[in-house]
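Some notes on the structure that comes next.
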Amino acid sequence: MTRVRIGISGWRYPGWRGDFYPKGLRQAAELAYAADRFDTIEINGTHYSLQRPGSFRRWYDETPGGFVFAVKGSRFITHMKQLNDIGPPLANFFASGVLALEEKLGPFLWQFAPRFRFNAEKFDAFLSALPHDAESAASLAHHHDARLNGRAFMTINKNHRLRHAVEVRHESFLDAGFVAQLRRHKVALVFADTVDFPYAEDVTADFTYLRLHGAEKLYASGYSDDALDHWAARIRSWRAGTQPDDAKLIDPATKPSRHSRDVYVYFDNDAKVHAPYNAQGLRQRVTR
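Under this note's numbering, read the sequence shown as residues 207 to 494, first letter to last.
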(Lines of atoms letter the chains of each structure in order from A; the text may use other names.)
(Lines give C-alpha, C1' and ligand atoms only; values in the text may rest on other atoms or scores of the structure.)
Protein backbone atom coordinates (compact mmCIF):
# COMPACT_ATOMS: atom_id res chain seq x y z
CA MET A 207 0.00 0.00 0.00
CA THR A 208 1.39 3.40 -0.94
CA ARG A 209 1.63 6.21 1.57
CA VAL A 210 2.53 9.86 1.89
CA ARG A 211 5.27 10.74 4.36
CA ILE A 212 5.69 14.38 5.33
CA GLY A 213 8.54 15.62 7.49
CA ILE A 214 11.41 18.02 7.96
CA SER A 215 14.95 18.40 6.69
CA GLY A 216 17.10 17.93 9.77
CA TRP A 217 16.10 18.44 13.39
CA ARG A 218 18.96 20.28 15.12
CA TYR A 219 18.22 24.00 14.85
CA PRO A 220 18.90 26.41 17.74
CA GLY A 221 16.08 28.68 16.58
CA TRP A 222 13.54 25.92 17.14
CA ARG A 223 14.39 25.62 20.83
CA GLY A 224 11.76 27.22 22.98
CA ASP A 225 9.43 27.37 19.97
CA PHE A 226 8.75 24.09 18.17
CA TYR A 227 10.81 22.34 20.83
CA PRO A 228 9.45 23.08 24.31
CA LYS A 229 11.59 25.21 26.55
CA GLY A 230 13.83 23.00 28.63
CA LEU A 231 13.75 20.01 26.28
CA ARG A 232 17.18 18.38 26.25
CA GLN A 233 18.96 18.61 22.90
CA ALA A 234 19.53 14.87 23.07
CA ALA A 235 15.74 14.40 23.13
CA GLU A 236 14.99 16.56 20.09
CA LEU A 237 15.02 13.74 17.52
CA ALA A 238 12.62 11.64 19.59
CA TYR A 239 10.34 14.66 20.03
CA ALA A 240 10.31 15.39 16.29
CA ALA A 241 9.88 11.72 15.37
CA ASP A 242 6.74 11.55 17.51
CA ARG A 243 5.24 14.26 15.28
CA PHE A 244 6.54 13.28 11.85
CA ASP A 245 6.96 9.88 10.22
CA THR A 246 10.08 10.86 8.28
CA ILE A 247 13.07 13.20 8.61
CA GLU A 248 16.02 13.92 6.34
CA ILE A 249 19.46 13.37 7.84
CA ASN A 250 21.59 16.34 6.76
CA GLY A 251 24.83 15.52 8.57
CA THR A 252 25.63 12.72 6.13
CA HIS A 253 26.00 15.35 3.40
CA TYR A 254 28.84 17.13 5.16
CA SER A 255 30.88 14.30 6.66
CA LEU A 256 30.94 10.55 7.15
CA GLN A 257 28.98 9.67 10.26
CA ARG A 258 29.78 6.72 12.51
CA PRO A 259 27.81 3.49 12.97
CA GLY A 260 27.02 4.42 16.56
CA SER A 261 25.21 7.56 15.43
CA PHE A 262 23.01 5.66 13.03
CA ARG A 263 22.19 3.03 15.65
CA ARG A 264 21.30 5.74 18.15
CA TRP A 265 19.01 7.45 15.64
CA TYR A 266 17.38 4.09 14.96
CA ASP A 267 16.77 3.55 18.68
CA GLU A 268 15.40 7.07 19.25
CA THR A 269 12.66 6.77 16.62
CA PRO A 270 9.46 4.68 16.68
CA GLY A 271 8.59 1.67 14.57
CA GLY A 272 7.43 2.59 11.09
CA PHE A 273 9.59 5.71 11.02
CA VAL A 274 11.78 6.32 7.95
CA PHE A 275 14.89 8.43 7.46
CA ALA A 276 15.89 9.97 4.16
CA VAL A 277 19.69 10.18 3.96
CA LYS A 278 21.45 13.01 2.17
CA GLY A 279 24.34 11.76 0.06
CA SER A 280 27.92 12.91 0.55
CA ARG A 281 28.82 16.29 -0.91
CA PHE A 282 32.35 14.94 -1.35
CA ILE A 283 30.89 12.87 -4.19
CA THR A 284 28.48 15.41 -5.65
CA HIS A 285 30.14 18.78 -5.01
CA MET A 286 33.87 18.18 -4.56
CA LYS A 287 34.59 15.18 -6.77
CA GLN A 288 31.76 16.23 -9.11
CA LEU A 289 31.22 12.54 -9.95
CA ASN A 290 34.87 11.99 -10.93
CA ASP A 291 36.58 8.85 -9.55
CA ILE A 292 33.81 8.18 -7.07
CA GLY A 293 34.35 4.45 -6.51
CA PRO A 294 36.10 4.65 -3.11
CA PRO A 295 34.06 7.64 -1.83
CA LEU A 296 30.82 5.86 -2.69
CA ALA A 297 32.03 2.71 -0.93
CA ASN A 298 33.04 4.77 2.10
CA PHE A 299 29.62 6.39 2.24
CA PHE A 300 27.81 3.06 2.33
CA ALA A 301 30.35 1.65 4.80
CA SER A 302 29.95 4.56 7.22
CA GLY A 303 27.07 2.95 9.11
CA VAL A 304 24.02 3.98 7.13
CA LEU A 305 22.98 0.34 6.77
CA ALA A 306 22.53 0.24 10.56
CA LEU A 307 19.24 2.09 9.98
CA GLU A 308 17.88 -1.24 8.66
CA GLU A 309 14.18 -1.02 7.78
CA LYS A 310 14.12 2.67 8.74
CA LEU A 311 16.42 3.48 5.82
CA GLY A 312 14.40 5.39 3.27
CA PRO A 313 15.46 7.20 0.10
CA PHE A 314 18.92 8.60 -0.50
CA LEU A 315 18.96 12.23 -1.58
CA TRP A 316 21.79 13.22 -3.93
CA GLN A 317 21.92 16.99 -4.24
CA PHE A 318 24.13 18.69 -6.82
CA ALA A 319 25.60 22.18 -6.74
CA PRO A 320 24.10 25.01 -8.83
CA ARG A 321 27.26 25.12 -10.95
CA PHE A 322 27.18 21.39 -11.79
CA ARG A 323 26.15 20.87 -15.41
CA PHE A 324 24.53 17.85 -16.99
CA ASN A 325 27.06 15.46 -18.52
CA ALA A 326 25.18 12.45 -19.87
CA GLU A 327 28.10 10.02 -19.74
CA LYS A 328 29.28 11.01 -16.28
CA PHE A 329 25.77 11.07 -14.83
CA ASP A 330 24.86 7.70 -16.29
CA ALA A 331 27.98 6.18 -14.73
CA PHE A 332 26.95 7.61 -11.35
CA LEU A 333 23.40 6.29 -11.60
CA SER A 334 24.72 2.87 -12.63
CA ALA A 335 26.91 2.74 -9.52
CA LEU A 336 24.08 3.31 -7.04
CA PRO A 337 23.00 0.15 -5.16
CA HIS A 338 19.30 -0.64 -5.23
CA ASP A 339 19.14 -3.08 -2.33
CA ALA A 340 20.91 -3.49 1.00
CA GLU A 341 22.93 -6.51 -0.10
CA SER A 342 24.35 -4.59 -3.05
CA ALA A 343 25.14 -1.65 -0.77
CA ALA A 344 26.96 -3.93 1.68
CA SER A 345 28.92 -5.48 -1.17
CA LEU A 346 29.91 -2.03 -2.40
CA ALA A 347 30.85 -0.99 1.15
CA HIS A 348 33.49 -3.72 1.30
CA HIS A 349 35.53 -1.67 -1.17
CA HIS A 350 36.02 1.16 1.34
CA ASP A 351 39.48 2.64 1.70
CA ALA A 352 41.83 2.69 4.68
CA ARG A 353 40.15 5.69 6.27
CA LEU A 354 37.32 3.45 7.43
CA ASN A 355 39.45 0.57 8.68
CA GLY A 356 38.16 -0.44 12.10
CA ARG A 357 34.97 1.62 11.86
CA ALA A 358 33.20 0.31 8.75
CA PHE A 359 29.70 -1.16 9.09
CA MET A 360 28.68 -3.65 6.41
CA THR A 361 26.20 -5.91 8.21
CA ILE A 362 22.61 -6.39 7.11
CA ASN A 363 20.04 -8.48 8.93
CA LYS A 364 17.55 -8.56 6.08
CA ASN A 365 17.80 -7.49 2.48
CA HIS A 366 15.50 -4.66 1.42
CA ARG A 367 15.26 -2.29 -1.49
CA LEU A 368 16.99 1.06 -1.60
CA ARG A 369 15.68 4.14 -3.34
CA HIS A 370 17.52 7.14 -4.72
CA ALA A 371 16.47 10.67 -5.68
CA VAL A 372 18.53 13.44 -7.28
CA GLU A 373 18.16 17.19 -6.80
CA VAL A 374 19.73 19.23 -9.60
CA ARG A 375 20.09 22.99 -9.74
CA HIS A 376 21.49 23.87 -13.17
CA GLU A 377 19.32 24.60 -16.19
CA SER A 378 21.34 22.18 -18.35
CA PHE A 379 19.41 19.36 -16.66
CA LEU A 380 16.22 20.52 -18.35
CA ASP A 381 16.98 17.88 -20.94
CA ALA A 382 14.79 14.95 -22.00
CA GLY A 383 17.90 12.77 -22.05
CA PHE A 384 18.38 13.37 -18.34
CA VAL A 385 14.78 12.36 -17.62
CA ALA A 386 15.25 9.21 -19.70
CA GLN A 387 18.35 8.31 -17.68
CA LEU A 388 16.49 8.65 -14.41
CA ARG A 389 13.65 6.47 -15.66
CA ARG A 390 16.02 3.83 -16.95
CA HIS A 391 17.74 3.63 -13.56
CA LYS A 392 14.48 4.01 -11.56
CA VAL A 393 15.80 7.08 -9.76
CA ALA A 394 13.43 9.90 -8.77
CA LEU A 395 13.80 13.51 -9.80
CA VAL A 396 13.43 15.72 -6.73
CA PHE A 397 10.67 18.29 -7.13
CA ALA A 398 12.45 21.18 -5.39
CA ASP A 399 10.34 24.27 -4.80
CA THR A 400 12.43 27.44 -4.76
CA VAL A 401 12.65 30.60 -6.85
CA ASP A 402 16.43 30.23 -7.12
CA PHE A 403 16.70 27.12 -9.29
CA PRO A 404 14.91 25.41 -12.21
CA TYR A 405 11.84 23.37 -11.29
CA ALA A 406 10.41 20.29 -12.98
CA GLU A 407 7.90 17.58 -12.04
CA ASP A 408 8.71 14.66 -14.32
CA VAL A 409 7.87 11.39 -12.53
CA THR A 410 10.82 9.06 -13.12
CA ALA A 411 10.42 6.32 -10.48
CA ASP A 412 7.76 4.48 -8.51
CA PHE A 413 7.90 7.18 -5.83
CA THR A 414 8.11 10.96 -5.77
CA TYR A 415 10.33 13.14 -3.62
CA LEU A 416 9.33 16.73 -2.88
CA ARG A 417 11.50 19.33 -1.11
CA LEU A 418 9.89 22.61 -0.11
CA HIS A 419 12.68 25.15 0.40
CA GLY A 420 10.50 28.25 0.57
CA ALA A 421 8.90 29.62 -2.57
CA GLU A 422 9.86 33.28 -2.04
CA LYS A 423 13.17 33.11 -0.18
CA LEU A 424 15.41 30.05 -0.07
CA TYR A 425 15.29 28.29 3.33
CA ALA A 426 13.39 31.16 4.94
CA SER A 427 9.92 31.69 3.45
CA GLY A 428 6.89 30.07 5.00
CA TYR A 429 3.97 28.57 3.07
CA SER A 430 0.52 30.16 3.28
CA ASP A 431 -2.69 28.19 3.70
CA ASP A 432 -3.37 28.57 -0.02
CA ALA A 433 0.11 27.30 -0.85
CA LEU A 434 -0.33 24.27 1.40
CA ASP A 435 -3.67 23.55 -0.29
CA HIS A 436 -1.87 23.74 -3.64
CA TRP A 437 0.76 21.22 -2.61
CA ALA A 438 -1.77 18.89 -0.99
CA ALA A 439 -3.67 18.64 -4.28
CA ARG A 440 -0.49 17.84 -6.19
CA ILE A 441 0.56 15.22 -3.65
CA ARG A 442 -2.80 13.46 -3.94
CA SER A 443 -2.35 13.36 -7.70
CA TRP A 444 1.16 11.90 -7.53
CA ARG A 445 0.13 9.31 -4.99
CA ALA A 446 -2.79 8.22 -7.17
CA GLY A 447 -0.43 7.55 -10.08
CA THR A 448 -1.46 10.58 -12.09
CA GLN A 449 0.10 14.00 -12.43
CA PRO A 450 -1.34 17.52 -12.13
CA ASP A 451 -2.86 18.94 -15.30
CA ASP A 452 -0.43 21.85 -15.12
CA ALA A 453 2.64 19.75 -14.27
CA LYS A 454 5.91 21.42 -15.25
CA LEU A 455 7.59 18.77 -17.38
CA ILE A 456 10.97 18.49 -19.07
CA ASP A 457 9.68 15.67 -21.27
CA PRO A 458 5.93 16.14 -21.80
CA ALA A 459 5.89 13.58 -24.61
CA THR A 460 6.60 10.63 -22.31
CA LYS A 461 3.93 9.73 -19.77
CA PRO A 462 4.73 7.82 -16.56
CA SER A 463 2.93 4.59 -15.82
CA ARG A 464 -0.36 5.03 -13.96
CA HIS A 465 0.49 3.21 -10.75
CA SER A 466 0.02 4.53 -7.24
CA ARG A 467 3.23 5.84 -5.69
CA ASP A 468 4.77 6.59 -2.33
CA VAL A 469 5.35 10.31 -1.82
CA TYR A 470 8.08 11.75 0.42
CA VAL A 471 7.82 15.43 1.35
CA TYR A 472 10.38 17.45 3.32
CA PHE A 473 10.20 21.07 4.41
CA ASP A 474 13.62 22.73 4.29
CA ASN A 475 12.46 26.28 5.09
CA ASP A 476 13.92 26.04 8.55
CA ALA A 477 15.58 29.46 8.96
CA LYS A 478 12.58 30.98 10.76
CA VAL A 479 10.96 27.89 12.27
CA HIS A 480 8.49 27.56 9.39
CA ALA A 481 9.38 23.97 8.51
CA PRO A 482 7.79 21.95 11.34
CA TYR A 483 4.58 23.97 11.38
CA ASN A 484 4.23 23.90 7.59
CA ALA A 485 4.81 20.14 7.65
CA GLN A 486 2.06 19.68 10.23
CA GLY A 487 -0.29 21.89 8.22
CA LEU A 488 0.33 19.95 5.02
CA ARG A 489 -0.15 16.63 6.80
CA GLN A 490 -3.57 17.76 8.02
CA ARG A 491 -4.60 18.69 4.48
CA VAL A 492 -3.38 15.47 2.88
CA THR A 493 -5.00 13.18 5.44
CA ARG A 494 -8.40 14.84 5.86
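Ideal Cβ placement from N, Cα and C applies to all residues, glycine included.
Just so you know, these numbers come straight off a predicted model, no measurement behind them.
- Annotation: the continuous beta strand (DSSP E) that includes Thr414 extends over Phe413 to Leu418.
- The beta-carbon separation of Gly428 and His480, rounded to 4 angstroms, stays under the 8 angstroms limit for a contact.
- The residues Leu418, His419, Gly420, Tyr425, Ala426, Ser427, Gly428, Tyr429, Ala481 and Asn484, in chain order, have a CB closer than 8 angstroms to that of Asn475 in the same chain once the five nearest residues on each side in sequence are set aside.
- In this structure, the alpha-carbon of Asp225 lies about 11 angstroms from that of Leu231.
- In this structure Tyr470 does not touch Thr252 by the C-beta definition: roughly 16 angstroms separates them, more than the 8 angstroms allowed.
- Within the stretch 207 to 247, the complete beta strand (DSSP E) segments at least 3 residues long are 210 to 215, listed from N- to C-terminus.
- With a beta-carbon spacing of about 25 angstroms, Ile292 and Tyr472 fall beyond the 8 angstroms limit used to define contacts.
- Distances from the alpha-carbon of Arg375 to those of Asn365, Ala406, Leu354 and Leu368 put Ala406 closest.
- For Val409 against Ile456, the beta-carbon gap comes to about 11 angstroms, at or over 8 angstroms, which does not count as contact.
- When the beta-carbon positions are compared, Lys310 and Phe275 come within less than 8 angstroms of each other.
- Straight-line spacing of the CA atoms in Ile283 and Gly260 works out to 23 angstroms.
- Between the alpha carbons of Leu380 and Ala438 lies a gap of roughly 25 angstroms.
- Bounds of any alpha helix (DSSP H) do not take in Gln317; it lies within the beta strand (DSSP E) bounded by Leu311 to Gln317.
- Here Arg369 carries a coil assignment [DSSP, helix/strand/coil].
- Around the beta carbon of Pro228, a 10 Å sphere encloses fewer than 16 other beta carbons of the protein chains shown; the residue is thus reported as exposed.
- When the Cα atoms are used, Arg464 and Pro450 turn out to be separated by approximately 13 angstroms.
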